[in-house]
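Notes follow once the structure below has been shown.
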Amino acid sequence: MAAAEAFLVVWISIIWVTGMDCKHDHPVPTYFGKLHPNGTIVDARNPANKLRFSFPLKPITTQDSGAVLKVSPSLEIKNGAEVNVMWYGVTLPNKKDVVGLYCPPDAEPDLYLDYVNVSSIATYSKGYGEFGVRLWNLRKDCVFRYYRIGNYSMLVVQSNVVTFEGGVEIPLQGHLSLTGNPTEMRVMWVSGLMETSVVKYGTDLSAMSEVIMGNISKTYTAADMCNAPANDVNNFVDPGYIHDVLLTNLTPGTKYYYSYGSVKMMSPIQHFNTAPPVGSANRFTALVYGDMGISPIPRAYKTADYATEEANNGTAAFVFHNGDISYARGFAYIWEQWHAIIEPYATILPYMVGIGNHEQDHLKGGSKDPSGAPGEGFHPWWSGGWGYDSGGECGVPMYYRFHMPDNGNAVWWYSFDYGSIHFMMMSTEHNFTQGSRQYEWMEQDLKNVNHSLTPWVVIAGHRAMYTSQKLEGDYIISLGMQHAFESLLYKYKVDLAFWAHYHSYERTCPVYQRQCTPGAPVHIVVGTAGKELDLEDYFPVSWSLYQENDYGYGRLTQANRSALLWEWVENTTVWLSIFWATGIDCKHDHPVPTYFGKLHPNGTIVDARNPANKLRFSFPLKPITTQDSGAVLKVSPSSEIKNGAEVNVMWHGVTFPNKEDVVVLYCPPDAEPERYLDYVNVSTIATYPKGYGEFAVRLWNVRKDCVFRYFRIGNYSMLAVESNIVTFEGGAEMPLQGHLALTGNPTEMRVMWVSGFMETSFVKYGTDPSAMSEVIMGNISKTYTAADMCNAPANDVNNFVDPGYIHDVLLTNLTPGTRYYYSYGSKKMMSPIQHFYTAPPVGSANRFTALVYGDMGVSPIPRAYKTADYATEEANNGTAAFVIHNGDISYARGHAYIWEQWHAIIEPYATILPYMVGIGNHEQDHVKGGSKDPSGAPGEGFHPWWSGGWGHDSFGECGVPMYYRFHMPDNGNAVWWYSFDYGSIHFTMMSTEHNFTQGSRQYKWIEQDLKNVNRSLTPWVAIVGHRAMYSSQKEEVDYIVSLGMQHALDSLLYKYKVDLAFWAHYHSYERTCPVYQRQCTPGAPVHIVVGTAGKELDTEDYFPASWSLYHERDYGYGRLTQANRSALLWEWVQNTSGKVKDQVWLTK
């Protein structure tokens, strides 16, 4: 397992290398916050932005003796104040000259804090210039130096010394924190000296008589960090001494004034309010945000401005900053700057922090991680960019700079009560899976909540458990979090969950298991405090109610014990509406056509599942009345019509017609009113108000006669007239839905068909159509009922159509590579003569072509019917040998007439070409009735936590029609997984709807099957399944599924040298390079997605992936041609043009 996890760390990281948008990385600002000419931030990490000195430095020469470098103001400047830097008298200036900042003044040349290229100043070529920068008190004096040309090896001039107000003694970076006890408050600050800490405080500003003297002064060094750049002395800034004083025995809900520092220097007087008593119903507001950093208005500084205003106005009680704090990432001066930003309000409002990836994540030096995480910390296989995001800090600055409540694990996880709310902070950067130290703490903490005192429960963390923004790596992580502890939050009735990490805002409904669920937590992502925005679009999901790509912060207000108000404030303008409603566009769902294939006036398909499209009858029905005795309803032709033929339905003589009248189809003629197959609203016919009209529809032989009835007005309670009876050619005895199948033995062919009777099955065959002397009599005739299905709508008798008897006859002792003529049926009626070719001998080098496609269904030209037309043409021309249809076959989804219609579409070529099928989600997936699933899958089947939409996609069929209607080779598990050889190719069909993970029944079968391939006979190996292992199309849930498949199967396919992998599910076409672990790799499989046979297209755009070589959003089918034993040709044919749009040769 450890090896598997290591494998996933590698390949997930490749997402970011192959052109994906990696949101975890942002430029590290330089000390001065420099910008490129195009306005983008200069990245302090970029080696190109580093100065390189040659030693020893040359001394100041005579020619520069008159040069001046001056800083003003320079004495006792305030922390963060702006200074002006001016120089003049420099002879022979060069565009490579720089002015560098050094703190302390005697720092070595390469230990500069930042520099300015003089060439950025217009007047530099004249030997003078000036610029303004802000300086922060690092507990050291500073100086500027001008270095000249080349490798910055000559010092031209040094400035006057800059000193700071209070020097090393001034208490800076003050901030408060809660402890969970309303009688306490923690005060922390930094100074340059290890000295006794002093806090004076009281409720009277003029008489702060209470004094606490503390002795907790701590610090850390570069050597305490885990890795570079944090442990590089060139990036490190001595943090001074961090003072930590706990005030106790305070009065809850009370305003206190205080000052902090030392005997030598105290801070200005500030104030705070203690927390109210636990359980208090008093109103208060918490400010909530994440992902701040340091950035110009309207970003982090603007958030700080608003927070300072809220603090000064008394409208806020505390701050909840859930990770990604300063974004220092190993550049220590940023901690100094960030603390200066928040100090104006963090000295009024307790500042509660959580850990983010940019404070914690590391890949080396884990023994120095103060959190106690084992090894290099938490790196689950699905974590994507979980790695080096802290720049080597590994939580050290966070651990020393903040002190959170002591009931958990320091800054990593803790909880506290405030008013009527229990707040919990967790770490998404540490193991939160079941059984982990953190999970057990969280469960115990939630279990201990006293709901009589704190009826509200809020959890906060950094990475988001729910977000719909299109950032694929983090979206995968959200699914991992849901899998790990969503049930825990639901079980213990958590009300709100705050997250960040995404630099955007989003709010959900109360959501559980990706469904809006009363009583579940509302999830809020509020990573908008200042870092560069994530501007990606959003997946359309029903549980996401509002999103915004802008800067801002949140306010959680306890109005009383029974009401909370959540608001999100936009930094740039004003308040935002917080209520929004959206629908869901799920690619796994498509309208189910009605029997007639009706369309709405706008051309979209009428969905047979929609209750609004169902007829409702009132009983007893009124009989035909005298007023309708002259009405006529006539169908023509009506006798012995062919399967799928079009008929004309005409009526006249209807008195007082109404727009709600309908003409309804019944098969058989005596069916109860509600057991109809379909209907037509007469109002769709222009002449209906005159009592007459006509329409044309196609009818399929469901082994019963049919009739039309005209029902009148209201609840369709009055029968106006009934038509003549419609009969079908051959009636119930007609052998229909014929199709062939290979068995893996080239001396055999399987013949299957349907009729209305259980009778002895006959197949006559031979190599001469005029003398088919061979006769096989079979006794395998099987059927299924609505009761055999797992769930509705498939097991609803109103949707069910008796499938008749399915006949299955195996022809044996055939000659490989030979043309046979055959006819099938019974003693009463046989089919027309058709032909097939047996497979060539295994290992044959003869040319053949297989047609490959998925996701067909029933739909008009140029969709499924067009695919069938091309396939029929290929069959009749002898250019194709067999068909591989890899899932999503008919799209019946519980509406059985669609199976009848789909079989009629393929019959013209499926009676010539063996039709090899695989299972798709729309045939198999179910969430109820699993005991009836004929595949033998345990429970409700395969539902991995990362599967997203794996659920009810078969609408209760659970593989039953597939199991009865098709018979695939018997060397695996029926239609679910099997293999066969054809020519020089070994084909393996797998089920993506059944467990394929390591150790599963199917995985073991696949591995054994691949291991048994005789490469001397079949040098080529192709694997086939439904859901795609590789696709770059922006379908979020399915993209995640592809990663899970890669984790499970990528190494197996590479190990056994699989050449081709065919997939579908995406209704589009895509071809990759030979790809392994998301890298183009010689010897790896070429993956091809060909879900283009007919169902509505997926029109989403594509992620930029280097392994994706061609993609097309159009209808079509594939052709795999064995040219000889060493060459295969793959082609994809576009339906609309009939042209080959993509092709590639594979050679050995």
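Numbering (my numbering), first residue to last: 890 to 2037.
Glycine residues also receive a C-beta, built at the ideal position from the N, C-alpha and C atoms.
Exercise for the section: Answer yes or no: do residue 1221 and residue 1174 have a C-beta to C-beta separation smaller than 8 Å? Expected result: no
Practice task
May I have the straight-line CA-CA distance separating residue 1652 from residue 1718, to the nearest angstrom?
Solution key: 11 Å
Handout entry: residue 1534 and residue 1753 closer than 8 Å at C-beta
Key = Cβ atoms of residue 1534 and residue 1753: not closer than 8 Å.
Practice task
Return the CA-CA distance between residue 1906 and residue 1949, expressed in angstroms with no decimal places.
Solution key: Going by the C-alpha atoms only, they are around 17 Å apart.
Problem - 8 Å Cβ cutoff met for residue 1406 and residue 1440 - result: No, Cβ-Cβ distance for residue 1406 and residue 1440 is not below 8 Å.
Exercise for the section: Kindly indicate which residue of 1844, 2017, 2022, 2009 has the alpha-carbon position closest to the one of residue 2001. Expected result: 2022
Exercise for the section: Assign residue 1573 to one of three DSSP states: helix, strand, or coil. Expected result: In the structure shown, residue 1573 sits in a helix (DSSP, three-state: H, G or I).
Problem - Assigned secondary structure, residue 1322 (DSSP; H/G/I helix, E/B strand, else coil) - result: coil
Handout entry: Cβ neighbours of residue 1937 in the same chain (closer than 6 Å, five flanking residues each side left out)
Key = 1885, 1886
Problem - Run of the alpha helix (DSSP H) containing residue 1810, from where it starts to where it stops - result: Per DSSP, residue 1810 is one residue of the alpha helix (DSSP H) stretching across 1810-1813.
Practice task
May I ask you to report which of helix, strand or coil DSSP gives residue 923?
Solution key: Looking at residue 923 - three-state DSSP - the assignment turns out to be coil, as it is neither helix nor strand.
Practice task
Identify whether residue 1058 lies in helix, strand or coil by the three-state DSSP scheme.
Solution key: Here residue 1058 sits in coil by DSSP.
Problem - Reference residue 1548, options 1575, 2037, 1541, 1209, closest by Cα - result: 1575
Problem - residue 1581, DSSP secondary structure in three states - result: coil
Practice task
Kindly give me the distance between the Cβ atoms of residue 1504 and residue 1612, rounded to whole angstroms, as I take these residues to be in contact under 8 Å.
Solution key: At roughly 17 Å, the Cβ-Cβ gap does not stay under 8 Å, so residue 1504 and residue 1612 are not in contact.
Practice task
Assign residue 1720 to buried or exposed, taking buried as 16 or more other Cβ atoms, counted over all protein chains shown, within 10 Å of its Cβ.
Solution key: buried
Exercise for the section: Kindly give me the distance between the Cβ atoms of residue 1530 and residue 1615, rounded to whole angstroms, as I take these residues to be in contact under 8 Å. Expected result: At roughly 7 Å, the Cβ-Cβ gap stays under 8 Å, so residue 1530 and residue 1615 are in contact.
Exercise for the section: Look at the Cβ atom of residue 1865, then the Cβ atom of residue 1914, and state whether they are nearer than 8 Å. Expected result: No, Cβ-Cβ distance for residue 1865 and residue 1914 is not below 8 Å.
Practice task
At 3 residues or longer, and completely inside the region 1815-1892: list those beta strand (DSSP E) runs for me, N to C.
Solution key: Whole beta strand (DSSP E) segments, 3+ residues: 1867-1871, 1874-1878.
Practice task
For the region 1688-1737, list the beta strand (DSSP E) runs that are entirely contained and at least 3 residues long, ordered along the chain.
Solution key: List check, beta strand (DSSP E) in window: 1694-1700, 1708-1714, 1723-1726.
Practice task
From the DSSP output, in three-state form, read off residue 1087 for me.
Solution key: strand
Practice task
Assess, as a yes-or-no matter, whether the region 1723-1739 is touched by the region 1954-1968 under the definition of 3 or more beta carbon pairs within less than 8 Å.
Solution key: no
Exercise for the section: Specify whether the region 1345-1360 and the region 1372-1389 touch according to this definition: at least 3 beta carbon pairs, one from each stretch, less than 8 Å apart. Expected result: yes
Handout entry: Between the CA atoms of residue 1803 and residue 1624 - distance to the nearest angstrom
Key = Each residue's alpha carbon lies about 18 Å from the other.
Practice task
Measure how close the beta-carbons of residue 1282 and residue 1062 come, nearest whole angstrom, since I'm counting them as under 8 Å.
Solution key: Rounded, the Cβ-Cβ distance is 17 Å, inconsistent with contact.
Exercise for the section: Taking the CB atoms as reference points, tell me whether residue 1309 and residue 1172 lie closer together than 8 Å. Expected result: no
Handout entry: Extent of the continuous beta strand (DSSP E) to which residue 971 belongs
Key = In the DSSP assignment, residue 971 falls within the unbroken beta strand (DSSP E) covering 970-977.
Exercise for the section: Under 8 Å by Cβ, that's how I've got residue 940 and residue 1048 pegged, so tell me the actual separation to the nearest angstrom. Expected result: In fact, because the Cβ distance is near 17 Å, the residues do not count as touching under 8 Å.
Practice task
Kindly provide the ranges of any beta strand (DSSP E) runs that are 3 or more residues long and lie completely inside the region 1960-2036, ordered along the chain.
Solution key: 1975-1979, 1997-2001, 2005-2013, 2016-2023, 2029-2036
Practice task
Look up residue 1587 in the DSSP assignment and give the residues it is bridged to.
Solution key: According to DSSP, residue 1587 bridges with 1535.
Handout entry: Closest by C-alpha distance to residue 1763, when choosing among 1785, 1778, 1737, 1748
Key = 1737
Handout entry: Sub-8 Å separation of residue 1849 and residue 1786 beta-carbons
Key = For residue 1849 and residue 1786, no; Cβs fall outside 8 Å.
Practice task
Taking the CB atoms as reference points, tell me whether residue 1600 and residue 1563 lie closer together than 8 Å.
Solution key: no
Practice task
Could you name the residues of the same chain whose beta carbon sits closer than 6 Å to that of residue 1260, not counting the 5 residues immediately before and after it, in chain order?
Solution key: 1284, 1301
Handout entry: Length of the line joining the Cα atoms of residue 1765 and residue 1801
Key = 8 Å
Practice task
Could you tell me which uninterrupted beta strand (DSSP E) segments, each at least 3 residues in length, are contained entirely in the region 979-1021, listed from first to last along the chain?
Solution key: 987-991, 1003-1006
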